[in-house]
Every structure is written in structure tokens, then in C-alpha cells.
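Notes for the one structure printed next.
As C-alpha cells, this is what we get:
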């Protein structure tokens, strides 16, 4: 029987999956076209809608977040059509690559990584060219920034241009009100704040987006065609074999979120991320991003002068069994480390992160300003309950 | 905590997942870019190669079998290029739909469902037009037929035309020797004879196919681009977050296959399918397909005059807790029932299937020719060990 080593998984996704959800995924397979599984899909729908902030159904696919980013664009773009992609990190860049693979005309709004975006830059560009869609990342896990979807949505309110949002690392950890904010396609995945194993992709679609999808005849994909998924969902099914056991896990996760209360879940994410940010700063680390736009699902920090990000990640893993992320983008290599605050995270996790991080910096010759400085700052932050 | 009702899952996929594999999928998430997970991917590679009958690596995706059918075509076809699809059932038709979504020119060789295909028809058509690929289904689970891949491969030996094979419901239950047979892209999925939960797609690719993929610049998908998957696999990874826990299950399944021995696994499938065919015929049911081309992973049978397939399926499920499949294709509705003999199937399963089927036919007013006729015929078939 397969065994795996025991780590504290503290990545910005995939996140640690609670025991209760893991056990759900080990249940026997049901007929995916039978009444019991249909009831589960229906229950997932009811519980997903408030998390997306939508009154409409949420399509469920076997796939990763990237597959869903691609599905979102494939369903609304014909070759040669123009999209405007806001690029403020690695996942914005990924959207550009996807749009190019789909033969779209791609313009970008390059934003400085980790910094706020002035929506007037988008507004200005919208006046210069007609776009099928503005494409943005809600939560850039590569830089630790949550972007304001509502202010971009407001720009498109009376325009035929759609707003496509990647909320893979945001959804269920950071508020999403897609209907109110004017987001037209929001995609996400199971392995971030939804606390599940990876392998499920999600897409919520506005009536405005459906008008475009239904009007344009051809989607250059059979598998990812939202019309086919919607037609099946209207009968309570998925068009193709879904990841049955992962959907058991998703349902269990959604029940847990509703037991805690979605508002409480979001507040917990915000509170714990703030505490971790206070802690790492007290250890002498600088945030990677502008403080006031910090994400609640990931804390990204700069690697201190003279140290290498990979060495910190490796030491934390080997000496303290805590797995955090370094940089993935070549431009950031060695310069940023990132800790997830998404999913089933507790105060104890944050305190342990800071103890291990302090010890690691100490082991690598960069002792904290004072013993337990990080933990003390985090406890101070946690004591204030907004 | 989620619970599910207790059924005997006897579908032609998804199949029942053995306890040992289910428990593997409940293990905690590992960093999918860490050394331990890379070792698992490498072990999967080593164990998958003999099952595909290839010396080359097997790409692993988050997705379903249909996603992989589409990926296979998307990687080799440019819009307007011609493919020749052999259509002998529902999954052949699906390939046609996928090729059309990709804007290919599609010619078909329509074969009578459930009947043998004369390869000379393919040979003849190949002389009339240049095709980028011949596309076929190894095992048509909609009709219960396993087709001969080698004889189609032989036709393409000295031609630039590629052979694309869907072995979703064949692989690991029916022999696949892709290198010897001249198959260029073979796709499969986790939830059939591989005994796993659904959610993993697999693709094995010949050097001849790589020449085409590498030569053609543009693949109209970022997520499904085989070049990107291969480049990552060469570093021991997947390009995007893989379905980590399902891959634990796949590894456990592959270890189980190697413990039993691949040859023994294939022989078990063949023996049990033959026993089930003998049994259902002794109950007075006619096979849907021509006997000599019967699949070893699914038994498809005609519904007797005066009965309706859906009623048999429903009675088996409600009265005997045995879940089998009816027809999925509209042309077959009510006329065919299908039982899986794929994955972790035992003699006890076949005997129980036949007992429940006999009882169901009896309950519906179609008693067997003699009591236990099906089970006796199956036992006779099982007594002969080739």
C-alpha cells in the first residue's frame, strides 16, 4: 500500500485537504448518471452559487484551473477577435499564452507585479479598440495581490465587451460577487480555498456571456463547449464522465463551508492572512506586494538580501517539514517566497509557519530582531477582531 | 459525513474501485513539484509503458477520456486537414464530432454496429485521398466489439498518415501493442480497466506522431498541447496542477496490475467476459455483436422481444442492487443492455451478475430455459482453462 511522507503542506495551492473531505473521496464509485449522483450535483450547484455570487448554475468539468481559463476564452473567442488581458503576474501571462494559442488578437495592460492597477488605464484602452473581452486574474498567487473585479466590471456595464475572471486561487477565500460586479465568466478549481484535491474545474457564466456563446456558432472544442455542459446540467448531469470521487469531496467541502458560514470563512481567510503578514514583517521580511491590496489567500514576501529563496524553501521542508512555495516565474526566481492562507487554515497553522520561518532564518544566519517576534506580531494582529 | 448507497457497480465504466486504490486516493496531498511526487510520476511511467505496449513516455492529464480524444486530434490537425474516422459505434461518432469542432475535413468509414470491419474498405479509401490521420476506436463499449488495431496500423506503415486510437475502454483489459501495431497516438483514461476513479486522461505518442506535432507550429490549445506536457515530463513533472490524489490511485492500481502480472490480467478479462457471454446466451439473450470479435471488457446483449432495456436495468438496480448499463445512443435506446467485465472483476462477480439477471428476467416474465442456466453455462466456460 502506497504511503507518503508527512509534511505540513502550506502552499498557495494545492492545499491540505481535511480528513473529512479525503474520506469522502475514498467512497465507492456511483453510477454518474444515476439519481444519487444527480442529487449530489444538484446540491453542489446550490452550495456553489453563493460562493460565486451568482444566481446561475456553475458548470463542473474534469480538469485543472488552466483548462478552465482556456475553456472560458475558447467559448467566446473566434480566431482574430481581440481581447484585452490585464497582466499583473504569472497567471495574467498565462491568459495571454492561452489567447494566443486560440489565435486571438491580444492586447495587454501590463501592471507592475505586486502593485495596484489604475482602472483608468483599462478605461482608456477600451476607448481605443473594440474587445470581445477584458480578461483578468482576481487573485495573483504569484505576487500576493487580490485585484478589484468590481471596478473593471463597472467599466463594461453598458458595453458588449465581456469580463472574464480567473478566480482559481481567490474563490471561496476572497469575496466573489460576480452578478453584482458584472463579471461574465468566472473560472476556478477545486484545490485552493475549496480545500479539495485537484482535478475539478468550475465555470460560472452570466446571461450576457451566454448571449455571445449562443450567438457564435462554433466553439473550437467539443469537450470544453459550455453549451454542451449546460444542456447536460439542465438534465442534472455532466456531458462526459465526471471526476466522481473528487465531486464527493467537493460536496463535503461545500457542506463544511456552509456549516462554518461563507461570511465566516472569508473573514477567517482575511484575518489569518493579515496575521501572517504582520508576523513575517516582524521577522524583518518585506511583503512582495503593496500592503493595501494584499490577498487573503496567499502571503508573498521578498527574500532578504544575501539569502536565496530556494534555500529557505528547502530548509523549511527538510528541517521543519513545512512545505511553502518559492517563485515559479523565471523573473522571480530566488527572490520571492509564498505561503498559502487558503482553505482549511487555522491560527495554529499561522503560528507554526512563523515559528518555523523564524527558526529557518536563524539557521541560515538571519536571526529575527527578537525571539518569537513573528509569532508575537501575529498574536497581536489576531487579538484585534474587526 | 457524506454517505452513499451500496450498489454492485457493473457498468462498462466507471468501474468499481478496489478498496486499496480508494484508500490511496484518500492520502494527504503532496507538493506536486516535490521529489516524492516526481518519483511517483516516474514509477507510473515505467508501469504504464508495457500496458500501452510502448517504449515511450505516457502523458498524464487532468481530464476525461473525451478530453484526451480531443487532445489527440488537436495536436495533429490544422483546420481544413482531412481525417478518416472509422465509425462503428457511439465513440466513433464522438470522434467525428470532435474532428468537426476542430474544423477538420472529416470522411468516415461507417461500419455496421456490432459487426466486423473489412480493412480493405479503409485501404481503398486511403488510395482516394491523403489523410493526416486514420482515427479509430479500439474497443467500442457501445456495441461490445474490440477492433483490430494492428491490421489498420499495417495499412499505414509506409505512409505519412497517422493512426489515432481511442483505447479508453480497452487499455489494461485488452492487449495493446502500440509500437508493434503502428498506432501513433493512443489515448485512455483511469476509470475503466485501470480500476481507478475517473479524472485522469492518458496519451501515448509515437516518434512518427511527434514528427508531425513538432513540425506543425500551432496547436489550438494551450492546456492540451502535447509538446508542453512532454517538456514538463522530461523534467519529471506535469505542466499544470495534476490530479494528485487520483495519481496516487493510479500508481496503486499499476502496482496491483504488476503484482497479478499484465498477461494474467488480460487473460482474466478474456476468460470472465467469455463466461459472461456464455451465461447470458444460456439465459436466452442474444449478443449485440458478432461473437468472434467480442470485447473482453464489456458484454453487450440485445433486449429480448417484448421487454424494454430500461426496465431490466431499473429492476436489476432496485431489486438486486446491481447497476448495469442500458443504451446511451438514441438509436439503441431500449434495445441493448451492457455489463462491464473490466477492472477488478472476479468469477464471483460474473456468477452474481448471471443470478441477478436470471432473477430479473424471471420477475419480468421471461424465465430462463432452466433454473441457473446462465450460471451453469458460465461455470462450464470457466472450467476450460486455455
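Protein chains in written order, with the working numbering: chain P, 27 to 412; chain A, 27 to 412. Glycine included, each C-beta is placed from N, C-alpha and C at the ideal position.
CA-to-CA distance, residue j to residue i, given in whole angstroms
i, j, result
"residue 386 of chain P", "residue 408 of chain P", "23 Å"
"residue 349 of chain A", "residue 342 of chain A", "7 Å"
"residue 149 of chain P", "residue 189 of chain P", "13 Å"
"residue 427 of chain A", "residue 135 of chain A", "In the structure displayed, chain A extends from 27 to 412; residue 427 of chain A sits before or after that span and is not available."
"residue 240 of chain A", "residue 246 of chain A", "14 Å"
"residue 175 of chain P", "residue 29 of chain A", "38 Å"
"residue 181 of chain A", "residue 151 of chain A", "11 Å"
"residue 231 of chain A", "residue 321 of chain A", "24 Å"
"residue 38 of chain A", "residue 53 of chain P", "19 Å"
"residue 60 of chain P", "residue 363 of chain A", "16 Å"
"residue 46 of chain P", "residue 275 of chain P", "8 Å"
"residue 327 of chain A", "residue 213 of chain P", "42 Å"
"residue 333 of chain P", "residue 375 of chain P", "24 Å"
"residue 111 of chain A", "residue 268 of chain A", "31 Å"
"residue 62 of chain A", "residue 71 of chain A", "14 Å"
"residue 168 of chain P", "residue 225 of chain A", "27 Å"
"residue 244 of chain P", "residue 77 of chain P", "30 Å"
"residue 237 of chain A", "residue 312 of chain A", "46 Å"
"residue 248 of chain P", "residue 366 of chain A", "26 Å"
"residue 164 of chain P", "residue 324 of chain A", "46 Å"
"residue 195 of chain P", "residue 170 of chain P", "10 Å"
"residue 351 of chain A", "residue 270 of chain P", "17 Å"
"residue 273 of chain A", "residue 67 of chain A", "8 Å"
9 Å Cβ cutoff, residue i in contact with chain P
i, result
"residue 406 of chain A", "no"
"residue 214 of chain A", "no"
"residue 446 of chain A", "One cannot answer for residue 446 of chain A here, as it falls past the ends of chain A, which runs 27 to 412."
"residue 57 of chain A", "yes"
"residue 260 of chain A", "no"
"residue 32 of chain A", "yes"
"residue 274 of chain A", "yes"
"residue 29 of chain A", "yes"
"residue 43 of chain A", "yes"
"residue 271 of chain A", "yes"
"residue 349 of chain A", "yes"
"residue 360 of chain A", "no"
Given residue i as reference, the closest of the options once Cα atoms are compared
i, options, result
"residue 371 of chain A", "A:235, A:44 and A:33", "A:44"
"residue 160 of chain P", "P:139, P:254, P:198 and P:210", "P:210"
"residue 50 of chain A", "A:172, A:223 and A:321", "A:223"
"residue 185 of chain P", "P:301, P:172 and P:208", "P:208"
"residue 300 of chain A", "A:400, A:237, A:187 and A:87", "A:400"
"residue 377 of chain P", "P:404, P:314 and P:27", "P:404"
"residue 96 of chain A", "A:154, A:122 and A:74", "A:122"
"residue 65 of chain P", "P:225, P:41, P:199 and P:261", "P:261"
"residue 55 of chain P", "A:257, A:196, A:34 and A:255", "A:34"
"residue 216 of chain P", "P:129, P:285 and P:41", "P:41"
"residue 288 of chain P", "P:200, P:187, P:316 and P:120", "P:200"
"residue 307 of chain A", "A:139, A:330 and A:295", "A:330"
"residue 192 of chain P", "P:183, P:106, P:177 and P:173", "P:173"
"residue 251 of chain P", "A:202, A:31, A:57 and A:93", "A:93"
"residue 373 of chain P", "P:205, P:120 and P:305", "P:305"
"residue 229 of chain P", "P:221, P:242, P:253 and P:206", "P:253"
"residue 279 of chain P", "P:338, P:379 and P:69", "P:69"
"residue 157 of chain A", "A:113, A:114, A:179 and A:109", "A:109"
The ligand MG heavy atom lying under 8 Å from the CB of residue i
i, result
"residue 359 of chain A", "Annotation note on the ligand MG: not contained in the displayed structure, which lists no ligands."
Beta-bridge pairing of residue i - partner residues as DSSP gives them
i, result
"residue 227 of chain P", "P:87 and P:215"
"residue 377 of chain A", "Residue 377 of chain A is not bridged to any residue."
"residue 108 of chain P", "P:131"
"residue 34 of chain A", "A:348"
"residue 43 of chain A", "None, per the DSSP bridge assignment."
"residue 366 of chain A", "A:324"
"residue 113 of chain P", "P:136"
Contact with chain A by residue i, beta-carbon distance below 9 Å
i, result
"residue 248 of chain P", "yes"
"residue 244 of chain P", "yes"
"residue 343 of chain P", "yes"
- prompt: Can you list, in chain order, the stretches of the beta strand (DSSP E) that have 3 or more residues and sit fully within the segment 187-212 of chain P?
  reply: 188-192
- request: Would you mind listing the alpha helix (DSSP H) stretches within the segment 119-195 of chain A that are 4+ residues and don't spill past its ends, in chain order?
  value: 145-154 and 175-181
task: Output the residue ranges of the alpha helix (DSSP H) runs that lie fully inside the segment 309-363 of chain A and measure 4 residues or longer, sorted by chain position.
output: 335-346
- prompt: For the segment 244-313 of chain P, which segments carrying the alpha helix (DSSP H) assignment without a break, of at least 4 residues, lie completely within its bounds, in sequence order?
  reply: 252-260, 270-286 and 288-308
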